[in-house]
Amino acid sequence: MQGIPHIQPFEQRAEEIDVLMARSDFFQDQRRAAALSREHQKLRFLIDVYNDLGRAERDLKEHTDLLADPQADSELVALAKEEIGGLEKKVEKLRQDVLVAMIPPDETDSRNTVVEIRAGAGGGEASLFAAELFRMYSRFAENHGWKVEPMGISESDCGGLREVAFLISGEEVYRRMKYESGVHRVQRVPATEANGRIHTSTATVAVLPEAEEVDIEIRPDDLEISVCRASGPGGQGVNTTDSAVQMHHKPSGLTVFCADERSQQKNKAKALKVLRSRLLKAKQDEEHEKYAAHRRGQIGTGDRSERIRTYNFPQNRLTDHRINMTVHNLPQVMEGAIDDLVEALQIADQAVKVEALLEGKI
């Protein structure tokens, strides 16, 4: 098929997984078995669609050849004319489906995700917006049946959040969440504004695929851990034990603070999970920089300094600046209805990757 990479490597990989899945010890490693099963399913889908495309292209050629045949039956020619338009659309759709299915998978797409939100410019209003983003993502997760587990929360004096980190667990969380990294800007009249002026504030979001021990090795000697008493609203255990943990990774300079749990050990485990995920993301970004020229054209998925979205409350308008998409349903968005945005970002990212695939860059 002209302009499409050959199917043979994908067929060969599917056959390799067939052999592995037939082994008696295949399910001993449940995580590996699940990953291979997902890969196998995607490969079989690709092969099926590729074969469908071949049949559709043959049908289209037969119809166009019939039109060029001066001795062809007139009724058959008339039928061919009617069907060619539909066949052309079918071929184009199947061709796009094949190319998308050939895009190398992101191995972290199926992972759970650590999300960090920090209040940016705008003082108390920024912290209130950070809290609303946390609620928005929590509702989005709830809509998809995912679990949200707070990893660390720092509240502001006005009832907002200076910073919050949380883990979202579920099916292919990172695949849907990864486009949320960057600067989120809000424009609205704060409740404390007496003259009705619109203020602009920001919050930054970092989305990190949950790292496993095999991804990132952290040596105990590289960690500097200090403990203190947790602060916050009353309750048994708060302010009475040294349960809060601050973990500093000396080689990278990264610092994580966790005081969400009453148990010091649980806070250490959570802090280590966040640290490992941050280090994995930094490692991935370093690898991506090797393809900087191509990456400049991609949908942003990780730069916290990139302004990605504006939430304009007076005009009930949200604009995603990466794909120039504007919607006018801000109340629903803030309740977690961001599926349309996520899907549009995925489609735009796929288009960039398909182009790179055809150019042999991936």
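Our numbering applies: residue 1250 is where the sequence shown begins, and numbers increase by one. Just so it is clear, CB atoms sit at the ideal spot from N, CA and C, and this is done for glycine as well.
With a minimum length of 3 residues, the unbroken runs of beta strand (DSSP E) contained wholly in the segment 1464 to 1530 fall at 1472 to 1477, 1493 to 1498 and 1503 to 1507. If you draw a 10 Å sphere on the C-beta of Ser1450, you find 16 or more other C-beta atoms in it, and that means buried. Per DSSP, the continuous alpha helix (DSSP H) segment holding Gly1303 begins and ends at Gln1279 to Ala1317. Asp1569 has Arg1558 and Met1574 as its beta-bridge partners, per DSSP. Distances from the CA of Ala1518 to each of Glu1461, Ile1557 and Ile1596 were compared; the closest alpha carbon is that of Glu1461. Ranked by Cα distance from Met1426, the options Asp1318, Val1476, Arg1571 and Ala1390 are led by Ala1390.
Here Pro1580 is exposed: its Cβ has fewer than 16 other Cβ atoms, across all protein chains shown, within 10 Å.
Taken atom to atom, the span from the alpha-carbon of Glu1421 to that of Val1456 is near 13 Å. Per DSSP, Val1364 is not a residue of any alpha helix (DSSP H); the beta strand (DSSP E) it occupies stretches across Thr1362 to Ala1368.
The criterion of a C-beta distance shorter than 8 Å is satisfied by Glu1459 and Ser1526. Cβ-Cβ distances below 8 Å link Ile1467 to His1498, Leu1521, Leu1524, Arg1525 and Leu1528 in the same chain, with the five nearest sequence neighbours on each side left out; the list follows chain order. Between the alpha carbons of Gln1277 and Pro1258 lies a gap of roughly 27 Å. Around the beta-carbon of His1433, 16 or more other beta-carbon atoms lie within 10 Å, marking it buried. Taken atom to atom, the span from the alpha-carbon of Val1476 to that of Asp1491 is near 6 Å.
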